[in-house]
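Participant:
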Amino acid sequence: MDNPEITFFGVTNFRNSLKKFGIKTDDRRRHMYLVGKTGMGKSTILENMIVEDIRAGRGVAVVDPHGDLAEKVIDFIPASRINDVVYFNPADIDYPIAFNVVEQVEPHLRHLVASGLIGVFQKLWADSWGPRLEYILRNTILAILEYPGSTLLAVTRMLSDKVFRKKVVSKIQDPVVKSFWVNEFAGYADKFASEAVSPIQNKVGQFLSSSLIRNIVGQVKSTIDMREIMDNQKILIMNLSKGRIGEDNSSLLGAMMITKIQLAAMSRVNVPENKRQDFYLYIDEFQNFTTESFANILSEARKYRLNLIMAHQYIEQLGLVVKPAVFGNVGTMVVFRVGAYDAEELEPEFAPVFTQEDIVNLSRYEYYIKLMIDGIASNPFSGRGLPPLANEEKTGNTEKMIKISRERYAKQRQEVELKIMRWHENNEDKEENKNSGQPYPRLKTEEPPKKNILPAAAPAPLSAHARGPVKPAPVAAPNRLYPFEAVCDQCGAQTRISFQPDGIRKVYCRDCLSAIKERKKEELENRRQTKDSADRGLKPNLRAVIMNNPALRKKFLGLDQKIVPLPPKPENPAAQQPNPALPAAPKQNGREINSGEEVVF
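Structure (structure tokens):
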């Protein structure tokens, strides 16, 4: 009988011994890494391990960017675990599952969500990524994480809707993020702000413009609770087929799902480590979902009982940050046939038992493995994968599981699109104002019509008053020239206006409008009087103004204020004769200046 603590996935082929082997539960917590060319047998190992975990009652999540692995695994889920299945298929557009990555994130985890989303977008837009784009996008994500009822749809709306941005900023508690929006972004000129935010709106908008993605990430309340799935050992199968939803959409949803799983695992910090349930995350072609924050998962997931099994085709698919994280944190490494470059990279891991030539010349379904045994990596040895699951083992419950999962976690498309439309029209904000408990301003009573526009009528005879009570006066019909109700931006009183309130144009009641007109009129009159008095005062004193102002004197007369001492007068009369070599004594206002007296030019 097989040991329940061991997951079997291969047999040894040394000298045709064909001895079945597997990996222990504690060793799986140090993660497992498979690499090899397409068609070598990686998916078969994943299928066997996933089905074995499901049959053993373990919690499992599968991220499949092709769809074949997800569709095959669901055929082998036993009837006893039908109620544990959560089947996430974005291609099922008529029944979208709600997944809000920015919903109710704890304050100490918000930077992880922001970094995860930034990493996904940066990977997708690597050719046009810039520091200013990242700076604004990061502050936008951190802002909407603090605003209740936000979704990813709020990213583009916050950058384009001033009224909505004001509401979000009022809820921000982080002083750094709030300072950016209040002191920095608010000071951007309109042209500069438009140039800064347009790349974000273009790139994020290309995802949100698709109803397939918008109906999933645009719902306020998520129907998938990752923490509940992990703690209750449920089965999450994510069919992210690139051929059905697109490569970029597949990468975006997969990376957000993995980020959400990471947050759920880290939230287990309030549970003792020995009581945390093991949860196994299988990621096929995991390079599609890796970001720089993925390195944190590999280094910290073990303590939270999140065990990763990753597979892909060649090492160059990994980034400069993820590659050392994988080779530095993975406990068990399975290598199928690879190219010469990858074989050169992998040879130090398997030397001296296997060389570069051995790795390049592996047969199909055969591999070299460094197995973690009781926390210690074993010497490399060769093995062969177990045969694929037989068709006779299929349970035939696929349609039933998809139907149950759809009823529990999905909503009809029409209902979702209606809620998103209402969110865009700001109906939620109106309902919030109705229930806020704040009284509305007192309504202003309409003025009675003037007497000169009332129709002339003859006075009623006295006998008419004796027939009964006097009839009430008819109520004046509403003014058709001002059909819209609004609230004055100046005093808060309710009034009627001739245009539909749009939140952009200012609204004033009659009293405030009259006061504004009078104030502007007074300002214009004051400017005119000031200008006239200035003109009248400048003309007779123009020379005095110029002479008393060094800058004006230098500009108009070409002179600068200098102190020039005059030579002393000679004592003998002969010396009083004008010297042709010296200039004549200057005069000021017709008066000859005495010797030694200072003259100001």
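For the sequence shown, full-length UniProt numbering begins at 1 and goes up steadily by one.
Just so you know, even glycine gets a beta-carbon here, dropped at the ideal spot from N, CA and C.
Excluding the 5 residues flanking residue 438 on each side, which residues of the same chain have their C-beta closer than 6 Å to its C-beta?
Facilitator: The residue you call residue 438 lines up with position 438 of the sequence shown. For residue 438, the predicted structure reports a pLDDT of 42, less than 50, and the residue's modelled location is therefore unreliable. A value from the coordinates is still provided. Within the same chain, residue 438 has no close Cβ partners at all.
Participant: From this set, 37, 11, 247, 505, which residue's C-alpha is nearest residue 315's C-alpha?
Facilitator: Taking the sequence shown and counting its residues from 1, one reaches residue 315 at position 315. The shortest C-alpha separation from residue 315 is found at 37.
Participant: Are the CB atoms of residue 230 and residue 264 within a distance shorter than 7 Å?
Facilitator: Translated into positions along the sequence shown, residue 264 becomes position 264. Translated into positions along the sequence shown, residue 230 becomes position 230. Yes, they are a contact pair.
Participant: Do you know offhand how far residue 308's Cα is from residue 281's?
Facilitator: Residue numbering aside, residue 308 sits at position 308 when the sequence shown is read from its first letter. Residue numbering aside, residue 281 sits at position 281 when the sequence shown is read from its first letter. Rounded to whole angstroms, residue 308 to residue 281 spans 5 Å at the Cα level.
Participant: What is the DSSP secondary structure of residue 296, counted as helix, strand or coil?
Facilitator: Within the sequence shown, the letter at position 296 stands for residue 296. Correct three-state label for residue 296: helix.
Participant: Decide if residue 127 is buried, meaning its Cβ has at least 16 other Cβ atoms within 10 Å, or exposed.
Facilitator: Working through the sequence shown from its first residue, we reach residue 127 at position 127. Classification of residue 127: exposed, given that the 10 Å Cβ count is below 16.
Participant: Does the Cβ of residue 504 have 16 or more other Cβ atoms within 10 Å, making it buried, or fewer, making it exposed?
Facilitator: The sequence position of residue 504 within the sequence shown is 504, counting from 1. So residue 504 counts as exposed.
Participant: Please list the terminal residues of the continuous beta strand (DSSP E) segment that includes residue 64.
Facilitator: On the sequence shown, position 64 is the one that residue 64 refers to. Looking at the DSSP string, the run of the beta strand (DSSP E) that includes residue 64 is 59–64.
Participant: Compare the C-alpha of residue 140 against each of 180, 129, 106 and name the closest.
Facilitator: For the purposes of this step, residue 140 is taken as the residue at position 140 of the sequence shown. Among 180, 129, 106, the Cα nearest to that of residue 140 belongs to 180.
Participant: Using CA coordinates, which residue listed in 177, 132, 197, 174 is at the minimum distance from residue 161?
Facilitator: Residue mapping note: residue 161 aligns to position 161 of the sequence shown, counting from 1. Here the closest residue by C-alpha is 197.
Participant: On the three-state DSSP scale, how would you describe residue 308?
Facilitator: Within the sequence shown, the letter at position 308 stands for residue 308. If DSSP states are grouped into helix, strand and coil, residue 308 belongs with the strands.
Participant: Could you tell me if residue 301 is buried or exposed, where buried requires 16 or more neighbouring beta carbons within 10 angstroms of its beta carbon?
Facilitator: Looking up residue 301 in the sequence shown gives position 301. Residue 301 is buried by the Cβ-count criterion.
Participant: Rounded to the nearest angstrom, how far is the Cβ of residue 135 from that of residue 168, given a contact under 8 Å?
Facilitator: By one-based count along the sequence shown, residue 135 stands at place 135. By one-based count along the sequence shown, residue 168 stands at place 168. No, residue 135 and residue 168 are not in contact; Cβ-Cβ is about 17 Å, not under 8 Å.
Participant: Does DSSP put residue 382 in a helix, a strand or coil?
Facilitator: In the sequence shown, residue 382 corresponds to position 382, counting from 1. In the structure shown, residue 382 sits in a strand (DSSP, three-state: E or B).
Participant: Are residue 218 and residue 151 close, meaning C-beta to C-beta below 7 Å?
Facilitator: Looking up residue 218 in the sequence shown gives position 218. Looking up residue 151 in the sequence shown gives position 151. The answer is yes: Cβ separation under 7 Å.
Participant: According to DSSP, what are the bridge partners of residue 282?
Facilitator: Here the question's residue 282 lines up with position 282 in the sequence shown. Bridge partners of residue 282: 62, 309.
Participant: Compute the distance between the beta-carbons of residue 330 and residue 235, then report whether it is under 7 Å.
Facilitator: The residue you call residue 330 lines up with position 330 of the sequence shown. The residue you call residue 235 lines up with position 235 of the sequence shown. No, the Cβ-Cβ distance between residue 330 and residue 235 is not below 7 Å.
Participant: Please classify residue 173 as buried or exposed, where buried requires at least 16 other C-beta atoms within 10 Å of its C-beta.
Facilitator: The sequence position of residue 173 within the sequence shown is 173, counting from 1. By the neighbour-count rule (16 or more Cβ atoms within 10 Å), residue 173 is not buried but exposed.
Participant: Please list the terminal residues of the continuous beta strand (DSSP E) segment that includes residue 9.
Facilitator: Position 9 of the sequence shown, counting from 1, holds the residue named residue 9. Run containing residue 9: 6–12, per the beta strand (DSSP E) assignment.
Participant: Quick one: grab the DSSP three-state call for residue 88.
Facilitator: Your numbering for residue 88 matches position 88 in the sequence shown. Residue state, collapsed to three classes: strand.
Participant: Determine the burial state of residue 322: buried for a count of at least 16 other Cβ atoms within 10 Å of its Cβ, exposed for fewer.
Facilitator: Translated into positions along the sequence shown, residue 322 becomes position 322. That one is buried.
Participant: Alpha helix (DSSP H) containing residue 73: first to last residue?
Facilitator: Counting from one through the sequence shown, the residue named residue 73 turns up at place 73. It spans 68–73 - the alpha helix (DSSP H) in which residue 73 sits, taken as one unbroken run.
Participant: Among 164, 201, 324, 291, which one has its Cα closest to the Cα of residue 256?
Facilitator: Position 256 of the sequence shown, counted from the first residue, corresponds to residue 256. Measuring from the Cα of residue 256, the nearest candidate turns out to be 291.
Participant: Where residue 238 and residue 92 are concerned, what is the direct C-alpha to C-alpha distance, given to the nearest angstrom?
Facilitator: Taking the first residue of the sequence shown as 1, we reach residue 238 at position 238. Taking the first residue of the sequence shown as 1, we reach residue 92 at position 92. If I take the Cα positions, the gap works out to 12 Å.
Participant: Count Cβ pairs between the stretch 506–514 and the stretch 485–492 that sit closer than 8 Å; are there 3 or more?
Facilitator: Enough Cβ pairs lie closer than 8 Å, so yes.
Participant: Quick one: what's got a C-beta closer than 6 Å to residue 350's C-beta in the same chain, skipping five residues either side?
Facilitator: Position 350 of the sequence shown, counting from 1, holds the residue named residue 350. Excluding residues within five positions, the ones whose Cβ falls inside 6 Å are 368, 380.
Participant: Quick one: residues in its chain with C-beta nearer than 8 Å to the C-beta of residue 424, no 5 flanking neighbours on either side, listed in chain order?
Facilitator: In the sequence shown, residue 424 corresponds to position 424, counting from 1. Counting only Cβ-Cβ distances below 8 Å, and skipping sequence neighbours, we find 153, 157.
Participant: Between residue 337 and residue 362, is the Cβ-Cβ spacing less than 7 Å?
Facilitator: Counting from one through the sequence shown, the residue named residue 337 turns up at place 337. Counting from one through the sequence shown, the residue named residue 362 turns up at place 362. Yes, these two residues count as a Cβ contact at 7 Å.
Participant: Between residue 304 and residue 273, what straight-line distance do the alpha-carbon atoms span, to the nearest angstrom?
Facilitator: As a working note, residue 304 is residue 304 in the sequence shown. As a working note, residue 273 is residue 273 in the sequence shown. If I take the Cα positions, the gap works out to 7 Å.
Participant: For the candidate residues 114, 145, 130, whose alpha-carbon lies nearest to that of residue 138?
Facilitator: On the sequence shown, position 138 is the one that residue 138 refers to. The residue with the shortest Cα to Cα distance from residue 138 is 114.
Participant: Just reading off the alpha helix (DSSP H) that residue 215 is part of, what are its end residues?
Facilitator: Looking up residue 215 in the sequence shown gives position 215. From DSSP, the alpha helix (DSSP H) with residue 215 extends over 211–217.
Participant: When DSSP labels each residue in this structure, what does residue 18 get in the three-state scheme?
Facilitator: On the sequence shown, position 18 is the one that residue 18 refers to. Coil at residue 18, not helix or strand.
Participant: In this structure, how does DSSP classify residue 334 when only helix, strand and coil are distinguished?
Facilitator: In the sequence shown, the residue the question calls residue 334 occupies position 334. Strand, per DSSP.
Participant: How many whole angstroms separate the CB atoms of residue 78 and residue 55, which I take to be in contact at a CB cut-off of 8 Å?
Facilitator: By 1-based counting over the sequence shown, the position of residue 78 is 78. By 1-based counting over the sequence shown, the position of residue 55 is 55. Rounded, the Cβ-Cβ distance is 6 Å, consistent with contact.
Participant: Within this structure, are the beta carbons of residue 354 and residue 312 separated by less than 7 Å?
Facilitator: Residue mapping note: residue 354 aligns to position 354 of the sequence shown, counting from 1. Residue mapping note: residue 312 aligns to position 312 of the sequence shown, counting from 1. Cβ atoms of residue 354 and residue 312: not closer than 7 Å.
Participant: Could you name the residues that DSSP lists as bridge partners for residue 495?
Facilitator: Within the sequence shown, residue 495 is the residue found at index 495, counting from 1. Paired residue(s): 486.
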